[in-house]
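Novice:
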Ligand code: SF4
Ligand code: SF4
Ligand code: SF4
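Protein chains in written order, with the UniProt record's numbering: chain A, 1 to 711; chain B, 1 to 166.
1. Just curious, the alpha helix (DSSP H) that residue 242 (chain A) is in, first and last residue?
2. Given that a residue counts as buried once 16 or more other Cβ atoms are within 10 Å of its Cβ, and exposed if not, what is residue 717 (chain A)?
3. Under the assumption that residue 643 (chain A) contacts residue 617 (chain A) (Cβ atoms under 8 Å), give the Cβ distance between them as a whole number of angstroms.
4. Just to check my reading of the structure: residue 501 (chain A) and residue 579 (chain A) have Cβ atoms closer than 8 Å, yes? What is that Cβ distance to the nearest angstrom?
5. Hey, residue 133 (chain B) and residue 21 (chain B): beta-carbon distance below 8 Å or not?
6. Taking C-alpha atoms, which residue in A:138, A:382, A:639, A:595 lies nearest to residue 612 (chain A)?
7. Is residue 73 (chain B) near ligand 3, going by C-beta to nearest heavy atom under 7 Å?
8. Within a Cβ cutoff of 7 Å, which residues of the same chain sit near residue 282 (chain A), ignoring the five residues on either side of it in sequence?
9. Kindly list the residues whose CB is nearer than 8 Å to the CB of residue 2 (chain A), restricted to its own chain and excluding five residues on each side of it in sequence; keep chain order.
10. Tell me the DSSP bridge mates of residue 67 (chain B)?
11. Any idea what DSSP makes of residue 655 (chain A), helix, strand or coil?
12. Does the beta-carbon of residue 82 (chain A) have 16 or more other beta-carbons within 10 angstroms, so that it is buried, or is it exposed?
13. Pick from A:524, A:665, A:416: whose alpha carbon is nearest that of residue 452 (chain A)?
14. So is residue 155 (chain A) buried or exposed if we call it buried at 16+ other beta carbons inside 10 Å?
15. Buried or exposed: residue 470 (chain A), going by 16 or more other Cβ atoms within 10 Å of its Cβ?
16. Whole angstroms are fine: how far does the CA of residue 64 (chain A) sit from the CA of residue 429 (chain A)?
17. So the candidates are B:31, B:58, B:57; which of them puts its Cα closest to the Cα of residue 109 (chain B)?
18. With a threshold of 6 Å on Cβ separation, who are the neighbours of residue 397 (chain A) within its own chain once the five nearest residues in sequence on each side are excluded?
19. What does the alpha-carbon distance come out to for the pair residue 329 (chain A) and residue 34 (chain A)?
20. At a CB-CB cut-off below 7 Å, which residues of chain B make contact with residue 138 (chain A)?
21. If you measure from the beta carbon of residue 181 (chain A) to each beta carbon in chain B, is any gap under 8 Å?
22. Does the beta carbon of residue 14 (chain B) sit closer than 8 Å to a beta carbon anywhere in chain A?
23. Could you tell me which chain A residues have their CB closer than 9 Å to the CB of residue 126 (chain B), listed as they occur along the chain?
24. Identify, in the order they occur along the chain, each residue of the same chain with its Cβ nearer than 6 Å to the Cβ of residue 89 (chain A), setting aside the five sequence neighbours on each side.
25. Taking only beta-carbon atoms, is residue 25 (chain B) less than 8 Å away from chain A?
26. May I ask you to report which of helix, strand or coil DSSP gives residue 201 (chain A)?
27. How is the alpha helix (DSSP H) around residue 414 (chain A) delimited, first residue to last?
28. Give the straight-line distance between the Cα atoms of residue 627 (chain A) and residue 608 (chain A), rounded to the nearest whole angstrom.
29. Given that residue 6 (chain B) touches chain A, what residues does it touch there, using C-beta distances under 9 Å?
30. Under 6 Å from any heavy atom of ligand 3, by CB: list those residues in chain order, please.
31. If you measure from the beta carbon of residue 166 (chain B) to each beta carbon in chain A, is any gap under 8 Å?
32. Along chain B, in chain order, which residues have C-beta atoms closer than 9 Å to that of residue 30 (chain A)?
33. Measure the beta-carbon distance from residue 18 (chain A) to residue 647 (chain A) and round it to whole angstroms, keeping in mind my assumption that it falls under 8 Å.
34. Which residues are close to ligand 1, meaning CB closer than 6 Å to any heavy atom, in chain order?
35. Along the chain, which unbroken stretches of the alpha helix (DSSP H) at least 4 residues long are found entirely within the segment 364–416 of chain A?
36. For residue 166 (chain B) and residue 154 (chain B), I'd like the C-alpha separation in whole angstroms.
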């Protein structure tokens, strides 16, 4: 019997907490807190409930153990790895020969950097840039918006800077619930005397700690932020020196915010004018400030503009390029940042090098030894529509669950049915898998090793703690086998021959400028990891970005002027009188594939509840615990009601983990191509339990039974 | 003997329930700390106080409840007859009946972890430091110190504020 304690990174959210897995003979038996590793993101080894329950999902009874091939929808036969790889390779090759843009690849923010690098390399070597992942559905506007203002789309500071700030502005983000361990740094700042400003349509756990709480309507962010900028400019509270020396476009901002007087903003957002003035003063005069946001801000048709305005707000106050200040978008999954850095995105090569830039393309053509497409590929939602039209015929889905995660899920299911060929690579059966032709069983994160990049650009190595079940294999191994079977069997960067994940990371070091010095050897030695950019092997990594200059061509921040206020594309009307918004629970994660397989979490967060204001509830005759039906133009969803003052009148808030995306709108932000998951018009009516059960049958099952038949 | 226990600063609790999940993991599926939502918004974790004059210890007919060297109130399962007395006399209703074994269960301040020099799991995990493991007197002393520090700090800044316009 050999007992081991292996340092890993939490497989859940973007905080990237470290912990030890205790295992006996490769079988997980418990965890231990990483109290003895200095400078990690979870100080003193603290973990949230998900981190405490990591062992449970590994032991799920329905883990996928062997490759499967579909006989008909949802019915599979077991096949061998060699058969599976051969079939996948041949089918992909055939589509690529015809027209590579018939293929669509999905990377995953839930797995290591290495497989994400490989999945996009595979797509690109086959001749298409059709590769994307679920960051499209959460933080695409952060990437495009911050890139426009500062020149790069990542968090500009680290957790340490949140702790050192004097004011923290949290918008569209229930920090305490989504990233409890990250919220620790907010509380520590508050203890030091920092002020906390929270803007959210719901009175959340986070709002409870706010010094100033701005409860605005879902989708009214542009007006709110412009209102703050208006006051800061009118009262000359901005950092004149910083604006003069390091920003361009200030005059346009002044003109754009002219009409956003506190009184006007009060009308649009529902936030009292005095509170807007107070918040603006508190924020601008603090000396050091951090802005942090998440999906409440980004999942809108104007998500990019929202982010640009936040960047502008931070810049005019001089809150960039110094410690204790900056912009901190909070990533939901443990490797959203990494999957973006690795270019599981349709418009860039690794390290955000545009596919349309001939010079960059030339580099990668030489590096990978193939001709590459310079045409920007499809994003997730665009791919669904292209598949509907028959333009995209095959999906390769790694660790993703579009049936639950994409907006307008009914449309997604309709599309998946139309596909000619779909490969799903995952650790447990998902509703998406029911549409698959080939299922490839993957090892879970803790069952293999590799590097991950957390929300503060910290790259860490996670070691293999336990054995994968059955014949499940690491993601990098599966992709390398598929690559080789397609014919990319050269050694070196021109092929898919790898011995281990470290091999892949070495190739990433060679082609990704930000990761050049982040070698596997350094990461394995230094458990706290390295913050990119880390341009060489003797570089210590970078905590605060933009100390001297921004990454824009001029080196200055491009302040954004957004003179027009836009609300959600779908506003309440007579037929759909309420505004629907979605949110999440602390103990549930993503599409619940992992958390619903953990007893401790499932017991505490067993079902979704729709939050509704007492006044609305009285009008509709609803009490807490009643079954209601939420209906939008796209679908209907049965759910129990929770009457609470936490939401504004006229707003219904529903957690999304249980498949509420059948309701949401897939109207897109024109730049970032993110669907407007956070706000749409809806109707609510009381129903009986029986009706609810009937409606529920029409929803995709969260934990589907994949039937394995004989021969 | 300094008697240590787990205190909660409920102003810091975010109702994440990490403490419950951690406790449950360390005690084979039973959690001896519970987080309550209080007036919709505030939350509060409730656990055994390991009382100075513990009624549970006093009432137990078989002496199944006893104190260990750190002063924690522990339950010896082999002596427990499941009579429920301790659960009834505990002002917080802490001892619970383990439905499978028909004996009582309660917080043992993670005796197995303390033996290795570690803190109770709930304290170790709490992301906001709402749970504090320590001796009542020490904690109170620290709080007083902190309060004094803050007051002095405040007095200092007040001196610097020019009293123009007053
Ligand atoms: S905060 Fe995130 S990374 Fe940390 S333990 Fe919780 S889920 Fe894991
Ligand atoms: S772990 Fe801490 S913050 Fe979370 S519920 Fe328990 S006491 Fe509250
Ligand atoms: S079980 Fe109740 S009575 Fe006994 S020590 Fe704990 S809190 Fe006190």
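Quick reminder that beta carbons are idealized off the backbone N, C-alpha and C, glycines included.
Specialist: Let me lay it out:
1. As a first step, residue 242 (chain A) must be located in the first chain, where it is residue number 242. 240–246 is the span of the alpha helix (DSSP H), which, as asked, contains residue 242 (chain A).
2. The question about residue 717 (chain A) has no answer here: the residues shown for chain A are numbered 1 through 711.
3. Sequence index remark: in the first chain, residue 643 (chain A) carries index 643 (1-based). Sequence index remark: in the first chain, residue 617 (chain A) carries index 617 (1-based). Residue 643 (chain A) to residue 617 (chain A), Cβ: 4 Å. Contact.
4. Against the first chain, residue 501 (chain A) aligns to sequence position 501. Against the first chain, residue 579 (chain A) aligns to sequence position 579. At roughly 45 Å, the Cβ-Cβ gap does not stay under 8 Å, so residue 501 (chain A) and residue 579 (chain A) are not in contact.
5. By 1-based counting over the second chain, the position of residue 133 (chain B) is 133. By 1-based counting over the second chain, the position of residue 21 (chain B) is 21. Not a contact, by the Cβ cut-off of 8 Å.
6. Mapped onto the first chain, residue 612 (chain A) falls at position 612. Per the Cα distances, A:639.
7. Within the second chain, the letter at position 73 stands for residue 73 (chain B). Residue 73 (chain B): yes, Cβ under 7 Å from ligand 3.
8. Taking the first chain and counting its residues from 1, one reaches residue 282 (chain A) at position 282. Excluding sequence neighbours, residue 282 (chain A) sits near 167, 195, 197, 212.
9. For the purposes of this step, residue 2 (chain A) is identified with residue 2 of the first chain, where counting begins at 1. Around residue 2 (chain A): 24, 25.
10. The residue you call residue 67 (chain B) lines up with position 67 of the second chain. Residue 67 (chain B) pairs with B:73.
11. As a first step, residue 655 (chain A) is located in the first chain; it is residue number 655 there, counting from the start. The answer is strand: DSSP assigns residue 655 (chain A) an E or B state.
12. The sequence position of residue 82 (chain A) within the first chain is 82, counting from 1. Label assigned to residue 82 (chain A): exposed.
13. The residue given as residue 452 (chain A) occupies position 452 in the first chain. Residue 452 (chain A) has its Cα closest to that of A:524, out of A:524, A:665, A:416.
14. As a working note, residue 155 (chain A) is residue 155 in the first chain. With 16 or more Cβ atoms within 10 Å of its Cβ, residue 155 (chain A) is classed as buried.
15. Taking the first chain and counting its residues from 1, the one referred to as residue 470 (chain A) is at position 470. So residue 470 (chain A) counts as exposed.
16. By one-based count along the first chain, residue 429 (chain A) stands at place 429. By one-based count along the first chain, residue 64 (chain A) stands at place 64. The straight-line gap from Cα to Cα measures roughly 7 Å.
17. Reading the second chain from its first residue, position 109 is the one you call residue 109 (chain B). It is B:31 whose Cα lies nearest to the Cα of residue 109 (chain B).
18. Numbered from its first residue, the first chain carries residue 397 (chain A) at position 397. These residues qualify, in order along the chain: 106, 424.
19. Within the first chain, the letter at position 329 stands for residue 329 (chain A). Within the first chain, the letter at position 34 stands for residue 34 (chain A). Their Cα atoms are separated by approximately 25 Å.
20. Locating residue 138 (chain A) in the first chain gives position 138, where the first residue counts as 1. In chain order: nothing, as chain B lies at least about 21 Å away.
21. Here residue 181 (chain A) refers to the residue found at position 181 when the first chain is read from its first residue. Chain B, which has a Cβ nearer than 8 Å to the Cβ of residue 181 (chain A), makes this yes.
22. Counted from its first residue, the second chain places residue 14 (chain B) at position 14. Yes, its Cβ sits closer than 8 Å to a Cβ of chain A.
23. Translated into the one-based positions of the second chain, residue 126 (chain B) becomes position 126. Correct list: 46.
24. Taking the first residue of the first chain as position 1, residue 89 (chain A) is located at position 89. Cβ within range, chain order: 482, 485, 486.
25. The sequence position of residue 25 (chain B) within the second chain is 25, counting from 1. Judged by the 8 Å Cβ criterion, residue 25 (chain B) is in contact with chain A.
26. Start at 1 with the first residue of the first chain, and residue 201 (chain A) comes out as number 201. DSSP places residue 201 (chain A) in coil when its eight states are reduced to three.
27. Numbered from its first residue, the first chain carries residue 414 (chain A) at position 414. Here the alpha helix (DSSP H) through residue 414 (chain A) covers 409–418.
28. The residue you call residue 627 (chain A) lines up with position 627 of the first chain. The residue you call residue 608 (chain A) lines up with position 608 of the first chain. For residue 627 (chain A) and residue 608 (chain A), the distance between alpha carbons rounds to 11 Å.
29. Position 6 of the second chain holds residue 6 (chain B). Chain A residues near residue 6 (chain B): none, gap ~15 Å exceeds 9 Å.
30. B:48, B:49, B:50, B:51, B:54, B:55, B:56, B:73, B:90, B:92, B:94, B:95, B:106
31. Taking the first residue of the second chain as position 1, residue 166 (chain B) is located at position 166. Annotation note: pLDDT 42 at residue 166 (chain B) (below 50); position unreliable, coordinate value reported separately. No, its Cβ sits nowhere closer than 8 Å to a Cβ of chain A.
32. The residue labelled residue 30 (chain A) in the question sits at position 30 within the first chain. Near residue 30 (chain A) (Cβ distances below 9 Å), the residues of chain B are 25, 26.
33. Counting from 1 along the first chain, the entry for residue 18 (chain A) is found at position 18. Counting from 1 along the first chain, the entry for residue 647 (chain A) is found at position 647. Wrong, their Cβ atoms sit about 36 Å apart, outside the cutoff.
34. A:10, A:12, A:13, A:15, A:16, A:17, A:42, A:47, A:48, A:50, A:51, A:179, A:180, A:181
35. 380–388, 402–405
36. Within the second chain, numbered from 1, the residue matching residue 166 (chain B) stands at position 166. Within the second chain, numbered from 1, the residue matching residue 154 (chain B) stands at position 154. In this prediction, residue 166 (chain B) has a pLDDT of 42, which is less than 50 and means its spatial position is unreliable; nothing more can be read from the coordinates.
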